[in-house]
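Residue numbers (the numbering used here): 352 to 425.
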(Lines of atoms letter the chains of each structure in order from A and count residues from 1; the text may use other names and numbers.)
(Lines give C-alpha, C1' and ligand atoms only; values in the text may rest on other atoms or scores of the structure.)
Protein backbone atom coordinates (compact mmCIF):
# COMPACT_ATOMS: atom_id res chain seq x y z
CA UNK A 1 0.00 0.00 0.00
CA UNK A 2 2.83 2.39 0.85
CA UNK A 3 4.39 1.74 -2.56
CA UNK A 4 1.15 2.52 -4.35
CA UNK A 5 0.73 5.70 -2.29
CA UNK A 6 4.21 6.67 -3.53
CA UNK A 7 2.90 6.19 -7.10
CA UNK A 8 4.85 2.97 -7.65
CA UNK A 9 3.38 0.60 -10.23
CA UNK A 10 2.98 -2.58 -8.18
CA UNK A 11 2.70 -5.65 -10.43
CA UNK A 12 2.63 -8.23 -7.65
CA UNK A 13 4.58 -9.61 -4.74
CA UNK A 14 7.04 -12.48 -4.50
CA UNK A 15 7.82 -14.19 -1.20
CA UNK A 16 9.84 -17.18 -0.12
CA UNK A 17 7.14 -18.49 2.23
CA UNK A 18 3.52 -17.85 3.15
CA UNK A 19 1.44 -19.19 6.00
CA UNK A 20 -1.64 -18.72 3.83
CA UNK A 21 -3.58 -16.78 6.43
CA UNK A 22 -7.04 -15.97 5.13
CA UNK A 23 -6.82 -12.29 6.03
CA UNK A 24 -3.59 -11.88 4.07
CA UNK A 25 -5.05 -13.62 1.02
CA UNK A 26 -8.13 -11.40 1.26
CA UNK A 27 -6.01 -8.25 1.53
CA UNK A 28 -4.01 -9.12 -1.59
CA UNK A 29 -7.21 -9.94 -3.47
CA UNK A 30 -8.86 -6.68 -2.41
CA UNK A 31 -5.76 -4.75 -3.50
CA UNK A 32 -5.78 -6.62 -6.83
CA UNK A 33 -2.17 -7.72 -6.25
CA UNK A 34 -0.96 -11.20 -7.17
CA UNK A 35 1.12 -13.05 -4.59
CA UNK A 36 3.61 -15.70 -5.68
CA UNK A 37 5.49 -17.83 -3.15
CA UNK A 38 8.15 -20.49 -3.42
CA UNK A 39 6.64 -22.51 -0.60
CA UNK A 40 3.81 -22.40 1.90
CA UNK A 41 2.55 -23.80 5.17
CA UNK A 42 0.76 -26.71 3.49
CA UNK A 43 3.99 -27.82 1.81
CA UNK A 44 5.89 -27.44 5.08
CA UNK A 45 3.44 -29.64 6.98
CA UNK A 46 3.33 -32.20 4.18
CA UNK A 47 7.12 -32.51 4.22
CA UNK A 48 7.18 -32.66 8.02
CA UNK A 49 4.69 -35.55 7.93
CA UNK A 50 6.53 -37.43 5.17
CA UNK A 51 9.81 -37.27 7.09
CA UNK A 52 8.15 -38.18 10.40
CA UNK A 53 9.19 -34.84 11.89
CA UNK A 54 5.61 -34.45 13.14
CA UNK A 55 2.77 -36.89 13.79
CA UNK A 56 -0.68 -36.72 12.20
CA UNK A 57 -2.04 -35.49 15.53
CA UNK A 58 0.54 -32.68 15.60
CA UNK A 59 -0.33 -31.81 12.00
CA UNK A 60 -3.99 -31.42 12.97
CA UNK A 61 -3.00 -29.10 15.81
CA UNK A 62 -0.78 -27.07 13.50
CA UNK A 63 -3.58 -26.79 10.93
CA UNK A 64 -5.92 -25.61 13.68
CA UNK A 65 -3.41 -22.92 14.65
CA UNK A 66 -3.12 -21.70 11.06
CA UNK A 67 -6.90 -21.46 10.72
CA UNK A 68 -7.13 -18.98 13.60
CA UNK A 69 -3.78 -18.10 15.20
CA UNK A 70 -5.25 -15.16 17.15
CA UNK A 71 -7.18 -17.58 19.37
CA UNK A 72 -3.99 -19.28 20.51
CA UNK A 73 -2.43 -16.25 22.30
CA UNK A 74 0.99 -17.85 22.52
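Every residue gets a Cβ at the ideal spot worked out from N, C-alpha and C, and that includes glycine.
Skipping 5 residues on each side, what residues in its chain have a beta carbon closer than 8 Å to that of residue 372? Taken in chain order, the residues that qualify are 417 and 420.
What are the boundary residues of the beta strand (DSSP E) that residue 391 is part of? Element bounds for residue 391: 385 to 391.
Residue 398 to residue 377, Cα distance in whole Å? Going by the C-alpha atoms only, they are around 26 Å apart.
Taking contact to mean 3 or more Cβ pairs, one atom from each stretch, closer than 8 Å, check whether the segment 386 to 393 and the segment 360 to 371 are in contact. Short answer: they touch.
Among 355, 382, 358 and 409, whose alpha-carbon lies nearest the alpha-carbon of residue 395? The candidate whose alpha carbon is nearest that of residue 395 is 409.
Determine, using beta carbons only, whether residue 400 and residue 407 come nearer to each other than 8 Å. A contact, by the Cβ cut-off of 8 Å.
Per DSSP, what kind of secondary structure is residue 373 in: helix, strand or coil? In the three-state reduction of the DSSP assignment, residue 373 falls in the helix class, which pools H, G and I.
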